[in-house]
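Each residue of the sequence shown is one higher than the one before, starting from 0 at the first, in numbering that gives the first Met the number 0.
Notes to accompany the following structure.
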Amino acid sequence: MISGIPELRTVLEPEARAWLDTAVDRIIADPTAIGALFPAVRRRCGRARIDGHWTIDEAARAVLLTALPLHDPALTETVGALHRHGDPAEQRAVLRALPLIDDEGRFLFLVRETLRGNDTTLIEAALGPYAARHLPDDEYRQAVLKCVFYEIPLSRVAGLDERADAELARMLADFARERIAAGRAVPEDITPVIRAFAPADDRPAALDGAS
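Here it is as structure tokens:
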């Protein structure tokens, strides 16, 4: 089992396990093989959900990425190409695997590219532990605000408890005031951040009775 990836051997059929093992061996021997193997994962291994974060194909693709015997610039080029040419499922797998293949923030360009888009499943995948560790404060705050705007639950944003601060609370309070003024509901999950950091006199009054 690779740390950070759900155990696959208990959920894969024997044929799928054998295919994945062979794929890993092929990538170790020839890293360029991942270009053909990465898109084939869903067909060969399945797509069922394993837990609240990973599907089988995402986890299997992460295994392939961790098998790459590459260093920069080849690693960045290879992973970037897989993301660039991949369908949304392949892109999600790349984003979820980033903390497993890099601890220096060299793939932040993929996170930033994703956050400029509007696919909520990709935005959620991008805001995992990798973004929590490497995104600068201002970009992290903007990403959280985008999640609120797109109704992505904040429970899906990694690192929020550690990275929430007074400035994020101010931004969320401003958002809440705009929603209230427009007669729209305020997402309940922003209230704890506002209460934790925003001064009492800077909190929207309508949130005083929120849970």
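Where is the CB? At the ideal position from N, CA and C, for every residue including glycine.
Which residues DSSP lists as bridging residue i, in chain order
| i | result |
| --- | --- |
| R176 | The partner list for R176 (beta bridge, DSSP) is empty, contrary to what the question assumes. |
| R48 | T54 |
Continuous alpha helix (DSSP H) stretch holding residue i: start and end
| i | result |
| --- | --- |
| I55 | 55-66 |
| P98 | 87-100 |
| D24 | 13-28 |
| A120 | According to the sequence as given, residue 120 is Thr; it is not Ala. Unbroken alpha helix (DSSP H) run through T120: 119-125. |
| Y149 | No alpha helix (DSSP H) holds Y149; DSSP gives it neither H nor E. |
| T77 | 73-84 |
| F106 | Looking at the DSSP string, F106 is not in any alpha helix (DSSP H), and its letter there is neither H nor E. |
| D160 | 159-162 |
Alpha-carbon spacing of residue i relative to residue j, whole angstroms
| i | j | result |
| --- | --- | --- |
| A17 | L74 | 25 Å |
| R155 | V192 | 15 Å |
| T190 | A168 | 9 Å |
| L69 | F196 | 43 Å |
| D102 | G182 | 44 Å |
| L63 | W53 | 15 Å |
| I216 | L67 | No answer is possible for residue 216: the residues shown for the chain start at 0 and end at 210. |
| P5 | I49 | 7 Å |
| F108 | D56 | 23 Å |
| C44 | E89 | 13 Å |
| K145 | E112 | 14 Å |
| Q141 | I179 | 20 Å |
| S210 | I151 | With a pLDDT of only 48 at S210, under 50, the local geometry of the prediction cannot be trusted, and no value is derived from it. |
| V10 | A28 | 26 Å |
| R46 | P38 | 12 Å |
| R202 | V147 | 17 Å |
| L159 | D24 | 38 Å |
| E213 | V110 | This structure does not reach residue 213, given that the chain is present from 0 up to 210, and the question cannot be answered. |
| H133 | L171 | 22 Å |
| G87 | R194 | In the sequence under discussion, the amino acid at residue 87 is Pro, which differs from the Gly named in the question. C-alpha separation (whole angstroms): 36 Å. |
| R91 | A80 | 14 Å |
Under 8 Å between C-beta atoms of residue i and residue j
| i | j | result |
| --- | --- | --- |
| H84 | V93 | no |
| A124 | R162 | no |
| A130 | A157 | yes |
| A128 | P98 | According to the sequence shown, residue 128 is Pro rather than Ala. Yes, the pair counts as a contact, with Cβ atoms nearer than the cut-off. |
| Y149 | T119 | yes |
| R60 | V40 | yes |
| P30 | T77 | yes |
| L36 | I26 | yes |
Classification of residue i by the beta-carbon crowding that lies within 10 angstroms, buried from 16 upward
| i | result |
| --- | --- |
| A22 | buried |
| P135 | exposed |
| A175 | buried |
| R42 | exposed |
| P165 | First, the residue type needs correcting, since residue 165 is Ala and not Pro in the sequence shown. By the 10 Å Cβ count, A165 comes out exposed. |
Residue i Cβ short of 7 Å to the ligand COA heavy atom set
| i | result |
| --- | --- |
| P191 | You won't find the ligand COA in this model; it holds no ligand whatsoever. |
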